[in-house]
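Trainee:
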Amino acid sequence: MNETPNTTPSEPELTLAEARAQLAKARGRNYWRSLEQLASSGRFHAMMEREMPKQAIAVSEWDPIDRRDFIRLMGASLALAGLTACTKQHEEKIVPYVTAPEEIIPGKPLFYATAFSHGGYGYGVLAESHMGRPTKVEGNPDHPASLGAADAFVQASILQLYDPDRSQAHLKLGRSATWNEFARDIEAALSPLSNGAGFHILSETVTSPTLAAQIRAILEKYPQARWHRYSPVNQDNALEGAKLAFGSPVSVRYAFDKAAVVLSLDADFLSHGPGHMRYARDFMARHTPELGKKMSRLYSVESSPNLTGAQADHKLSVRASQVEHIARALARGLGLNVALGDTTGHDEWISAVLRDLKRSRGEAIVIAGDNQPAIVHALAHAMNDALDNHGKTVELIEAVEADPVNHSASIKELSTAMAAGSVKVLLMLGANPVYNAPADCNFTDALAKVPLAIHHGLYFDETAKVSHWHLAATHYLEEWGDVRAFDGTATIVQPLIEPLYGGRSAYEVLSTVLGRSSRKGLEIVQEYWKEASNAGDAFDSQWRHWLRDGVIPSTAGGVQKAVAKSGFGSGAPAPLSSEFEFIFQPDYGVWDGNYANNGWLQEMPRPLTQVVWDNVLLLSPQTAAARGIKSGDVVKLAVGSREVEAPAYVQPGHPDNAATVYLGGGRTAAGRTGDGTGFNAYAVRTSEQPWIAFGTLSSTTSSVDVVTTQEHHSLDGRHLYRIATLEDFIKDPKWVQAYDEFGQDPTSIYPGFDYSKGNQWGMVINLNACIGCNACVVACQAENNIPVVGKDQVRRGREMHWIRVDRYFGGDPANPSTALQPVTCMHCENAPCESVCPVAATTHSADGINQMVYNRCVGTRYCSNNCPYKVRRFNFYKFADHTTPSLKLQRNPDVTVRSRGVMEKCTYCIQRISVARIAAKKQGRLVNVKQDGLQTACQQACPTRAIVFGDINNPEDDIAKLRASPLSYGMLIELNTRPRTTYMARIRNPNPELEGSSSAPQQGEPV
Amino acid sequence: MPQIFKPTANAFARLSIAIGFGAVVGSLVVLDLLTRSPYGTEVNVAREQPVAFSHKHHANMGIDCRYCHTSVEEGAFAGIPSTKTCMNCHSTIFNDSPMLEPVRESWKTGESLQWNRVHDLPQFVYFDHSIHVAKGIGCSTCHGRVDQMPLTRKENTLYMGWCLDCHRAPEKFVRPKDKIFDMAWEPPPNQKEAGLELLKEYKIDTEHYKMLDCYLCHR
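So the protein sequences, as listed, match chains L and H. According to the working numbering, the first sequence is numbered sequentially starting from 3. According to the working numbering, the second sequence is numbered sequentially starting from 9.
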């Protein structure tokens, strides 16, 4: 199956010098899609010329094909295509309620406010329920961490609820057991312990006030018991940095909407960390050119290509260990007393940034990344202090994590105690340390010495397999609970459905430990809040308000006043090492491995690399070339005596002599979807060097198929992505349209259709705001019942996503700038796909929508061949799972589940338009997107509001204003397709002092 | 070499071609008739139900359609009454009728009654009752005289062509809003003119939106 017979033999690898030579030759076009394109390789052209690469070789799946096979296949096709159409419709049942709930109107969804937690921090969501069946999760506009947006993890959480591989029973030594048995066992195990000595609890990051109160109650009852925390992706460095700078573990809240200059020290604040959605919104509100507003500027020092760096006006790509040296030089420049390191070659950059920061006192932010050591965080705090940012753009608040501890130290302490045999009872809540504990903890061996190990989790995972007890956990949509967001705001987590598999929540587990096994989650949470709110008789009405709003008012962390200490950076830093450096990063899809069994996240092209279904090891083109490594080659990475093999992937812009190692792969007990994807990077991750480790990289003789969608659906068009500097834009506001060779409105020989009346739908994608996080991709998948096709099918170019985020690089491959462009059906007024359909399965509606009628489609794929944007997707197989009962529950009942042989594509969320249209028509008026709350799924999910959908005929609508902007342009309008989806060109705001020395494109040269 | 076939064989050959042709055409005609027959369309075929419910009996007592089909004005689905709705009356009326045993059983056990769907659209069709009711299409236009049906059956094919008959010329079918639930309503002799008037009143736009966009039903 891994053979692809008719791909061209492998091209000679492109060297950096050749790439630069190619670029020097290029004129008017300095953006490129991949290194292969840059080399103008035959392989890239083969990819580009086919609208769905490799699909013609489908038959080779039954290789070798001879006459008999051919006739057999044709006969089967005839039988399947012809005869299935003659079956009579199935008889259906109607099953009414016995007593109808008052609030439910069949077919109309209800929304409930609750919160999803990721890495222990809450994101307020509105969960959509169709007659008691949750189908989709949206952001809660009233919640400070989401403001209505929902990232890929939030979106994909609904699939986890229905995951058929979830643990379905409590198990004692592998046999199904009851809750009462557990209650007896835990009581029997705890009672002989004096004061609980030997009782250890291991949890992930806990922000839940109720859970924290319960654990404190346990520690009070059993004073000798111990509570350990371990999340593999944690904020240890931020915590230690805050202690270093302020002496206490405060949390930080940034106000990016107030910042004119932002300096990121290896912080991917747009896509990682508990506040990333809010920060992305705030940052982009200020980073978009708008009349009368000063546009902010972003400097990013990065050790690994990330989404924040992709947005940076100036990016400095250095090895992770050098970031501290740069931070020290910056701090010294701001008058702080710190010892200097080695910043050779970057001094000009540093001094330009310093001048800019000093010009923006009180309006700047310096932010450090979670993978940078504590000292960098402390320096960032001190720099914010020196720049007078505290209280303006930066606020210190009391720690959001309950009783914060250093996770690496905490898990080390636990495993030491376990190895020493002093742990008698170990209760693991949600954690999976057997898979993800630091390698030096030898957790699995130590666990064998624990007489009673209890694991509580959603899956029967690696840890559950070696524990005595496994307790099936509830999904957050099945349980009562509470959680705090990045700024401390608490939300009550409310269930939408009874536990599907009889799971119990962590609250109920802890209540059982406290000897009250019969208490339900609701009682436990209410008891805590009754006491905490001190509301007395008014509690019930308050509680109902909290549930409705999804936030508990005035629970945000109180602002702390603190002044950064000095003296922490006076010692000289470790000198720059020439050793090979590994940077550990959570994967953009499966994160720390927790989401490994989620098909939506596995198949989501990871931003920047566009790799699917695997975690990889990223290398710079130079390092790869020097070592003779190609993308897909298996390399061996060794840290100390530990080693693991990983597939390499060459990523332009990566620092040299270093590799980014994505976590989250190599699961062995994740479930049917996640097992066997990627490699386990935890094998070489230690508690001493959890983020940056030194070691060696060696090549092996084997290679694997790393599947990337990077070159799928390539458009070899003109001026697809348009970008200019702010300065040039001010000089010539009309520069965007200058690229349209035939003007804005080419003439047609066909008579037009009158689109001047009624609602006319359109979409604007703002390239200034898009951060490429892929929330839209997964939101669309959830809304529109888009199937997962698997790695092999993606390799053949058959991914089904209706919206994709194209990535281009600009400039020098050693340090390129990055351009991200969401592309979906343009709903062309002169749609090329419509004129070639032989059965009129795709036609145009009066309100300007390119409609796709699945039941008419016979699968000729002519439409897809004729689509210049390559946005149509074909069901080569019956990709949708029609058999697994739990997955059926997830489907959006308002969208057809497509079957084999049918073309599909973006519909502008026609089901949502229909709901709004029907509501408006009943009132005898047109749809007004604001009044009717009409949003497409991608628009609703977008953290930065980069996607705007609306009525182009309504001058009051946002979209009408955006389309009138001088930045507005249509993609490939020279083909006279008259696309309804248009783009807003991107404006960069580079520092004139640095322009020329940086890698960013010099001029607004579009693709 | 002697001839294998005598000249008379030509007649057989011609005959068999004719018969073959006739058989093909005939079977197509039969298939077509079959799909149009009640066997294919299930028009006027009453389905067996757990309780032999009579719309005629209930409607003639003056019970409004919306007493049971509660969401017909709000949602896509008109609504099938819950067991509780039945028991509102049948806890006192006919409370020992053996015919109603399944209803009482459902009420006791909490298990829903399972009715067999009579008006069953394909899965790729999204029909919405509320907009039709709001725009002057009465129950009987599509469902016929349900108030005269002892056992519920389909009056129309619900084929796409049948839907389009009205979507192409709604003026033939719209009625005043106070007559929506009037099962006995018949189009007046001046329906054409009255219908056009009603289209204006209901703001049914047959000029620009011709109500023929595919996505109105298929999504």
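We put the beta carbon where it would ideally sit given N, CA and C, even for glycine.
1. My parser needs the alpha helix (DSSP H) runs of 4 or more residues fully inside the segment 141 to 197 of chain H; what are they?
2. Express the C-alpha separation of L/R806 and L/E713 in angstroms, rounding to a whole number.
3. How would you list, in chain order, the residues of chain H whose beta-carbon sits under 8 Å from the beta-carbon of L/I805?
4. Which residue marks the beginning of the beta strand (DSSP E) containing L/D635, and which one marks its end?
5. Looking at the C-beta of L/G760, does it have a partner C-beta in chain H at a distance below 7 Å?
6. Along chain L, in chain order, which residues have C-beta atoms closer than 8 Å to that of H/V91?
7. Name the chain L residues that come within less than 8 Å of H/S5, Cβ to Cβ?
8. Please confirm whether L/V855 has its beta-carbon closer than 7 Å to some beta-carbon of chain H.
9. With a Cβ-Cβ cutoff of 7 Å, do L/S519 and H/Y223 count as a contact?
10. Within 10 angstroms of its Cβ, does H/I27 collect 16 or more other Cβ (buried), or is it exposed?
11. Span of the alpha helix (DSSP H) holding L/Q604?
12. Contact criterion: CB-CB distance below 7 Å. Does L/I499 meet it with respect to chain H?
13. Run the CB neighbour count on H/A17, radius 10 Å, all protein chains shown included, and call it buried at 16 or more, exposed below.
14. Check whether the Cβ atoms of L/A269 and L/I352 lie closer than 7 Å to each other.
15. Measuring only the C-alpha atoms, how far is L/Q237 from L/A247?
16. Quick check: is any heavy atom of the ligand ZN less than 6 Å from the C-beta of H/L41?
17. Using three-state DSSP, classify L/Q562 as helix, strand or coil.
18. Which runs of the alpha helix (DSSP H), 4 residues or longer, sit entirely within the segment 329 to 398 of chain L?
19. Could you give the residue range of the alpha helix (DSSP H) that holds L/L891?
20. Determine whether the beta carbon atoms of L/R218 and L/A441 lie at a separation below 7 Å.
21. DSSP on L/M297, reduced to helix/strand/coil?
22. Determine which residues share a DSSP beta bridge with L/K317 and list them.
23. Contact check, L/L769 vs L/Y741 under 8 Å by CB: the rounded distance?
24. By a C-beta neighbour count over all protein chains shown, 10 Å radius and 16 as the cutoff for buried, is L/P194 buried or exposed?
25. Does the Cβ of L/R29 have 16 or more other Cβ atoms within 10 Å, making it buried, or fewer, making it exposed?
26. Which chain H residues sit within Cβ distance under 9 Å of L/A922?
27. Given this structure, state the Cα-to-Cα distance separating L/P577 from L/D344, to the nearest angstrom.
28. Looking at the C-beta of H/Y47, does it have a partner C-beta in chain L at a distance below 7 Å?
29. Shortest alpha-carbon distance to L/S535 belongs to which of L/L524, L/S916 and L/W548?
30. Rounded to the nearest angstrom, how far is the Cβ of H/R183 from that of H/G144, given a contact under 8 Å?
31. Any idea what DSSP makes of L/T727, helix, strand or coil?
32. Give the C-beta separation of L/H348 and L/P992 to the nearest angstrom, bearing in mind that I take them to be a contact with Cβ-Cβ under 8 Å.
33. In the DSSP assignment, what are the bridge partners of L/Q853?
34. Give the residues of chain L in contact with H/R227, contact being defined as C-beta atoms less than 8 Å apart.
35. Answer yes or no: does any C-beta atom of chain B fall closer than 7 Å to that of H/I88?
36. Please list, in chain order, all residues of the same chain as H/H127 whose beta carbon is under 7 Å from its beta carbon, the five residues on each side excluded.
Mentor: Once the coordinates are examined:
1. 147 to 151 and 168 to 176
2. Position 711 of the first sequence holds residue 713 of chain L. Position 804 of the first sequence holds residue 806 of chain L. Distance between the alpha carbons of L/E713 and L/R806: 12 Å.
3. Within the first sequence, residue 805 of chain L is the residue found at index 803, counting from 1. Neighbours of L/I805 on chain H: none; closest Cβ ~17 Å, over 8 Å.
4. Counting from 1 along the first sequence, the entry for residue 635 of chain L is found at position 633. From DSSP, the beta strand (DSSP E) with L/D635 extends over D635 to V641.
5. Your numbering for residue 760 of chain L matches position 758 in the first sequence. Answer yes: the Cβ-Cβ gap between L/G760 and chain H drops below 7 Å somewhere.
6. Sequence index remark: in the second sequence, residue 91 of chain H carries index 83 (1-based). A small fix is needed here, since residue 91 of chain H is Thr in this sequence, not Val. The answer, in chain order, is P98, Y99, V100 and T101.
7. One cannot answer for residue 5 of chain H here, as it falls past the ends of chain H, which runs 9 to 227.
8. Looking up residue 855 of chain L in the first sequence gives position 853. Yes - at least one Cβ of chain H is within 7 Å of the one on L/V855.
9. For this step, residue 519 of chain L is matched to residue 517 along the first sequence. For this step, residue 223 of chain H is matched to residue 215 along the second sequence. No, the pair does not count as a contact, with Cβ atoms beyond the cut-off.
10. By 1-based counting over the second sequence, the position of residue 27 of chain H is 19. So H/I27 ends up on the exposed side.
11. The count along the first sequence starts at 1 and reaches residue 604 of chain L at position 602. From DSSP, the alpha helix (DSSP H) with L/Q604 extends over G601 to E605.
12. If you number the first sequence from 1, residue 499 of chain L lands on position 497. No, no contact with chain H.
13. The sequence position of residue 17 of chain H within the second sequence is 9, counting from 1. Exposed is the call here.
14. Locating residue 269 of chain L in the first sequence gives position 267, counting from the first residue. Locating residue 352 of chain L in the first sequence gives position 350, counting from the first residue. Against a cut-off of 7 Å, the Cβ pair of L/I352 and L/A269 comes out as no contact.
15. For this step, residue 237 of chain L is matched to residue 235 along the first sequence. For this step, residue 247 of chain L is matched to residue 245 along the first sequence. Approximately 15 Å, taken between the alpha carbons.
16. The ligand ZN is not among the ligands present in this structure, which contains no ligands whatsoever.
17. The count along the first sequence starts at 1 and reaches residue 562 of chain L at position 560. In this structure, L/Q562 counts as strand in the three-state DSSP scheme.
18. 349 to 361 and 376 to 388
19. Against the first sequence, residue 891 of chain L aligns to sequence position 889. Element bounds for L/L891: P887 to Q892.
20. Translated into positions along the first sequence, residue 218 of chain L becomes position 216. Translated into positions along the first sequence, residue 441 of chain L becomes position 439. It is not a contact, given that the beta carbons lie outside the stated cut-off.
21. As a working note, residue 297 of chain L is residue 295 in the first sequence. Coil at L/M297, not helix or strand.
22. Working through the first sequence from its first residue, we reach residue 317 of chain L at position 315. In DSSP, L/K317 forms a bridge with L/S302.
23. On the first sequence, residue 769 of chain L is found 767 positions in, with the first residue counted as 1. On the first sequence, residue 741 of chain L is found 739 positions in, with the first residue counted as 1. That pair is no contact at about 14 Å.
24. To locate residue 194 of chain L, count along the first sequence from 1; it is residue 192. It counts as exposed.
25. Mapped onto the first sequence, residue 29 of chain L falls at position 27. Reliability of the predicted coordinates at L/R29 is poor, the pLDDT of 42 falling under 50, and the value obtained from them is presented with this limitation in mind. Burial call: exposed.
26. Within the first sequence, residue 922 of chain L is the residue found at index 920, counting from 1. Result: empty, since nearest Cβ-Cβ is about 10 Å, beyond 9 Å.
27. As a position in the first sequence, residue 577 of chain L is number 575, starting the count at 1. As a position in the first sequence, residue 344 of chain L is number 342, starting the count at 1. Answer to the nearest angstrom: the Cα atoms are 7 Å apart.
28. Reading the second sequence from its first residue, position 39 is the one you call residue 47 of chain H. By this cut-off, H/Y47 is not an interface position.
29. As a working mapping, residue 535 of chain L is identified with position 533 in the first sequence. Closest option to L/S535, Cα to Cα, is L/W548.
30. Counted from its first residue, the second sequence places residue 183 of chain H at position 175. Counted from its first residue, the second sequence places residue 144 of chain H at position 136. That belief holds up - the Cβ atoms of H/R183 and H/G144 are roughly 6 Å apart, short of 8 Å.
31. The residue given as residue 727 of chain L occupies position 725 in the first sequence. If DSSP states are grouped into helix, strand and coil, L/T727 belongs with the strands.
32. Here residue 348 of chain L refers to the residue found at position 346 when the first sequence is read from its first residue. Here residue 992 of chain L refers to the residue found at position 990 when the first sequence is read from its first residue. Actually they do not touch by this definition, with Cβ atoms about 17 Å apart.
33. Taking the first residue of the first sequence as position 1, residue 853 of chain L is located at position 851. In DSSP, L/Q853 forms a bridge with L/T845.
34. As a first step, residue 227 of chain H must be located in the second sequence, where it is residue number 219. Here the neighbours are D896, V897, T898, T909, I912, Q913 and S916.
35. The structure shown contains no chain B; its protein chains are L and H.
36. Translated into positions along the second sequence, residue 127 of chain H becomes position 119. The answer, listed in chain order, is K162 and L166.
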